[in-house]
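Numbering (the working numbering), first residue to last: 953 to 1135. Everything on this sheet refers to the single structure shown next.
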Amino acid sequence: DRFMMVRRQRDRAVIRAQSLERLSERDALTGLYNRRALDGALGNFAHQGFTGFALFDLDHFKRVNDTHGHATGDAVLRTLANVLGTHENAVAVRMGGEEFLLLLRGENVAERVERLREAIPVRIARKVSELEMLVTASAGLVAAPARQSLSGDFVTLYRAADNLLYEAKHNGRNLLAAMTQSD
C-alpha cells in the first residue's frame, strides 16, 4: 500500500511538473508559444524542417494603447495572434510586446507571409470595432533556398530577420522585406 501511495504521489508530481513546463512556454495573453519555447526542440530549425523565419511587428502600436487603452491593445494582439497562430504549416511565437515570430514549413513562404501581413489590418478592423485607425504590420523574412530547411542558429536568423523588419519600417511600414539564405 505504501509503495502504491508513493507511486501515485510521484505520478501526480510528474504530471504537475509537465503542466507547469507547458505553461512556462506559453504567452498568457495570446496563448501562443513564448520565447522560452525556442530553447527546446522548437529552436532546432533545420531538424524541425522550417523553411521560413518571419518577424512581424505592428506599426505604431503605441498609438493604439495611448488612444484606446490597453484593453483594446490586448484585443489587437490577440487578433494578430489568431491570424498567425492558425496559419497552416507554421508555428507562431510571441517574442514580446507587439513582436511575433512565425516559423514556416513548406514552399512559397514569401507569398504566404505577405498574404498574412496583408490580412492583419483587415482582421483587426473586423474584430476590434472600437478602433478608429487602421493597424498595419511590417515583417522581415529569412527564407531557405528551394527544397531546403533553414540553416543557422536563433541569434543569426533573428538578427537577419530583425534587420529586414527594420528595413521594412524604414521604407514606409506596412511592408515585407525578405531575403533567401545563400547556398
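Cβ coordinates follow ideal geometry from the N, Cα and C atoms, glycine included.
Range of the contiguous alpha helix (DSSP H) that encloses residue i
i        : result
Thr-1024 : 1022 to 1037
Leu-1116 : 1106 to 1122
Ala-980  : It is not in any alpha helix (DSSP H) - Ala-980 carries neither H nor E in the DSSP assignment.
Ala-998  : 997 to 1000
Backbone secondary structure at residue i - three-state DSSP
i        : result
Leu-1127 : coil
Asp-1135 : Reliability of the predicted coordinates at Asp-1135 is poor, the pLDDT of 49 falling under 50, and the value obtained from them is presented with this limitation in mind. Asp-1135: coil per DSSP, three-state reduction.
Ala-1098 : coil
Arg-988  : helix
Host beta strand (DSSP E) of residue i (start-end)
i        : result
Val-1061 : Per DSSP, Val-1061 belongs to no beta strand (DSSP E); it is in the alpha helix (DSSP H), 1061 to 1079.
Leu-1010 : 1004 to 1010
Val-1087 : Val-1087 -> no beta strand (DSSP E), and no H or E assigned at all.
Glu-1051 : 1051 to 1056
Sub-8 Å separation of residue i and residue j beta-carbons
i        : j        : result
Asp-1018 : Leu-981  : no
Ala-1042 : Tyr-985  : no
Pro-1073 : Leu-1056 : no
Gln-1174 : Ala-1098 : Residue 1174 falls outside the range modelled here, since the chain spans only 953 to 1135, and no answer is possible.
His-1020 : Leu-1083 : yes
Residue i versus the options, residue with shortest Cα-Cα distance
i        : options                                   : result
Ala-989  : Gly-1004, Arg-1111, Arg-1046 and Glu-1084 : Arg-1046
Phe-1106 : Arg-1064, Gly-1058, Gly-983 and Phe-997   : Phe-997
Asp-979  : Arg-1015, Arg-1030, Gly-995 and Gln-961   : Arg-1030
Short CB-CB distance (under 8 Å) between residue i and chain D
i       : result
Leu-981 : As a matter of chain content, chain D is missing from the structure shown, which is built from one protein chain.
Quiz prompt | Inter-stretch contact (C-beta, 8 Å, three-pair minimum) for the stretch 1027 to 1040 and the stretch 1098 to 1109 | solution = no
Practice problem: Would you check if the stretch 1083 to 1090 and the stretch 998 to 1013 touch, i.e. whether three or more CB-CB distances between them fall below 8 Å? | Solution: yes
Self-check item: Contact between the stretch 1114 to 1133 and the stretch 1064 to 1074 (3+ Cβ pairs under 8 Å)
Solution: yes
Quiz item: Does the count of Cβ pairs from the stretch 1075 to 1087 and the stretch 1051 to 1067 closer than 8 Å reach three?
Solution: no
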